[in-house]
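Student: Right, I'll just put the structure down here and ask away after.
There are 2 protein chains.
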Amino acid sequence: MDFVNHLSTNNIKPSLQRIKIFEYLYDNREHPTVDTIYSDLVSDIPTLSKTTVYNTLKLFIDNGITSTVTIEDNEVRYDAIMEEHAHFKCDACGNVYDIEIDMSDLKFKKMNAFKVEKTNIYLKGKCNKCLITKN
Amino acid sequence: MDFVNHLSTNNIKPSLQRIKIFEYLYDNREHPTVDTIYSDLVSDIPTLSKTTVYNTLKLFIDNGITSTVTIEDNEVRYDAIMEEHAHFKCDACGNVYDIEIDMSDLKFKKMNAFKVEKTNIYLKGKCNKCLITKN
DNA sequence: TATAAAATTGTAATGATTACAAAATTATGT
DNA sequence: ACATAATTTTGTAATCATTACAATTTTATA
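In order, the protein sequence lines correspond to chains P and D. In terms of this note's numbering, the first sequence opens at residue 1 and continues consecutively. In terms of this note's numbering, the second sequence opens at residue 136 and continues consecutively.
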């Protein structure tokens with residue numbers, strides 16, 4: 001994945017901060033929060049500001065290369081994978097995993113009243129790691 | 136719907152505030168926010184406090200008669216309908232509608248790694264009202 | 001009716017996000 | 001290359017939703 005090129009082709013000038021933040025998001029698939037992104041990157045970019053993380057993520061979202069994952073009402077997570085997929089959140093360890101899904105199987109009723117542009121799915125439960133360890 | 140009985144059978148003492156808040160949630164199916172609930176009820180219960188609305192909704196959720204609807208990362212909505220259903224949010228007018236859905240049709244891959252307890256689905260797009268009016 | 005328990009309320013504290021202006025960096029025209 | 005303009009980054013302060021907490025009010029109990 002050529003991050004510089006990916007940013008450029010999406011009308012985002014590839015500054016150091018933007019490259020590093022996108023790279024982090026793309027490589028760390030656990031859907032990190034702003035705080036996690038900031039904490040993990042500040043050692044690499046000592047001048048990094050949390051405001052920059054917020055600004056940059058908003059820029060990514062506006063240009064369609066990142067999306068938010070809102071499962072809990074008190075934490076916003078970010079995801080750089082834009083292909084159709086769903087999420088699973090383990091309510092024991094709190095981790096959020098990607099899930100492959102075929103949304104074409106979904107059958108909605110009375111959908112003539114709406115023009116659907118995006119379908120979001122997330123599951124909750126226990127991941128195997130937590131089932132084995134804690135139970 | 137006998138609200139007093141519904142609260143009682145779910146281990147919630149049916150105080151005036153609790154009855155009114157649940158009644159409001161159950162009758163107003165547009166998934167209101169705390170602010171909306173408070174604003175609409177304070178004329179009816181002049182002493183009502185926003186803290187009470189927060190406390191009461193938390194109590195409802197803990198006792199399984201209400202759930203949160205988290206579609207946007209900056210607004211928490213509440214829903215008293217606990218039967219399986221999905222949501223549609225119109226990003227023109229902002230309204231959230233209920234949708235009937237058969238989740239048994241969903242096919243996930245690699246799901247052996249998880250024990251799923253709850254499936255959440257929401258769609259985004261434009262409702263017919265907005266498509267006709269604004270376009 | 002007195003006392004204890006529970007519910008409600010108002011205010012203050014918290015924490016995430018945003019606004020904003022200054023500083024730093026990068027691009028542009030000559 | 002240099003001066004100037006534009007953009008990006010940064011830090012601080014403001015905002016807003018939510019929570020903590022203690023006081024008050026209401027309800028239950030003996």
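Positions of the beta carbon are idealized from the N, C-alpha and C atoms, including for glycine.
Please return the same chain residues whose Cβ sits closer than 7 Å to the Cβ of R143 of chain P, not counting the five positions on each side in sequence.
Tutor: The displayed coordinates of chain P run from 1 to 135. Any statement about residue 143 of chain P would go beyond what the structure contains.
Student: Please report the distance separating the alpha-carbon of E165 of chain D from that of D2 of chain P.
Tutor: 44 Å
Student: Any beta-carbon of chain P closer than 8 Å to the one on E252 of chain D?
Tutor: Look at E252 of chain D: its C-beta is under 8 Å from a C-beta on chain P.
Student: Contact between the segment 84-99 of chain P and the segment 125-132 of chain P: three or more CB pairs below 8 Å?
Tutor: yes
Student: So, with DSSP's three-state summary, where would you put N120 of chain P?
Tutor: strand
Student: Strictly under 8 Å for the Cβ-Cβ distance: is N55 of chain P near chain D by that measure?
Tutor: It does not: the Cβ of N55 of chain P has no partner Cβ on chain D nearer than 8 Å.
Student: What are the boundary residues of the beta strand (DSSP E) that D35 of chain P is part of?
Tutor: Element bounds for D35 of chain P: not the beta strand (DSSP E) but the alpha helix (DSSP H), V34 to L41.
Student: Taking all protein chains shown into account, do 16 or more other C-beta atoms lie within 10 angstroms of the C-beta of K50 of chain P, making it buried, or fewer, making it exposed?
Tutor: Answer is exposed; the Cβ neighbour count stays below 16.
Student: Terminal residues of the continuous beta strand (DSSP E) containing V139 of chain D?
Tutor: Where V139 of chain D is concerned, there is no enclosing beta strand (DSSP E), although the alpha helix (DSSP H) it sits in stretches over F138 to T144.
Student: Note down, in chain order, every chain P residue with its Cβ under 7 Å from the Cβ of T203 of chain D.
Tutor: Within chain P, the residues near T203 of chain D are D73.
Student: Going along the chain, which residues of its own chain have a beta-carbon closer than 8 Å to the beta-carbon of T285 of chain D, five neighbours each way excluded?
Tutor: In the structure as shown, chain D begins at 136 and stops at 270. Residue 285 of chain D is therefore absent and cannot be evaluated.
Student: Starting from D237 of chain D, find everything on chain P with Cβ-Cβ shorter than 9 Å and list it in chain order.
Tutor: What D237 of chain D touches in chain P: L106, K107, F108 and K109.
Student: Give the residues of chain D in contact with G125 of chain P, contact being defined as C-beta atoms less than 8 Å apart.
Tutor: F249, K250, V251, E252 and K253
Student: Counting only runs of 3+ residues fully inside the segment 224-250 of chain D, write out the beta strand (DSSP E) ranges in chain order.
Tutor: As far as the segment 224-250 of chain D is concerned, its whole beta strand (DSSP E) runs of at least 3 residues are 231-234.
Student: Who are the Cβ neighbours of T203 of chain D in its own chain at under 8 Å, not counting the five residues just before and after it?
Tutor: I196, V211, R212, Y213 and D214
Student: Using a Cβ cut-off of 8 Å, pull out every chain D residue sitting near Y24 of chain P, in sequence order please.
Tutor: The contacting residues do not exist; Y24 of chain P stays about 19 Å from chain D at best.
Student: Name, please, each residue of chain P whose Cβ falls closer than 7 Å to the Cβ of Y213 of chain D.
Tutor: Taking a Cβ-Cβ cut-off of 7 Å, Y213 of chain D has no neighbours in chain P, whose nearest Cβ is about 10 Å from it.
Student: Indicate whether at least one CB of chain D lies closer than 8 Å to the CB of Y122 of chain P.
Tutor: Answer yes: the Cβ-Cβ gap between Y122 of chain P and chain D drops below 8 Å somewhere.
Student: Is DSSP giving V69 of chain P helix, strand or coil here?
Tutor: strand
Student: How many angstroms separate the CA atom of F223 of chain D from the CA atom of A113 of chain P?
Tutor: 10 Å
Student: Under 8 Å, Cβ to Cβ, is there at least one residue of chain D near I203 of chain P?
Tutor: Residue 203 of chain P falls outside the range modelled here, since chain P spans only 1 to 135, and no answer is possible.
Student: State buried or exposed for I146 of chain P, treating a residue as buried only when at least 16 other CB atoms are found within 10 Å of its CB.
Tutor: Residue 146 of chain P is absent from the model: chain P starts at 1 and stops at 135.
Student: So, are the CB atoms of I84 of chain P and K244 of chain D less than 8 Å apart?
Tutor: It is worth fixing the name first, because residue 84 of chain P is Glu in this sequence and not Ile. Against a cut-off of 8 Å, the Cβ pair of K244 of chain D and E84 of chain P comes out as no contact.
Student: Report, in whole angstroms, the separation of the C-beta atoms of Y159 of chain D and I172 of chain D, which I expect to be a contact under 8 Å.
Tutor: 6 Å
Student: Less than 8 Å between CB atoms is the rule here; does F88 of chain P satisfy it with respect to chain D?
Tutor: yes
Student: Note down the Cα distance separating M103 of chain P from N74 of chain P, rounded to an integer number of angstroms.
Tutor: 27 Å
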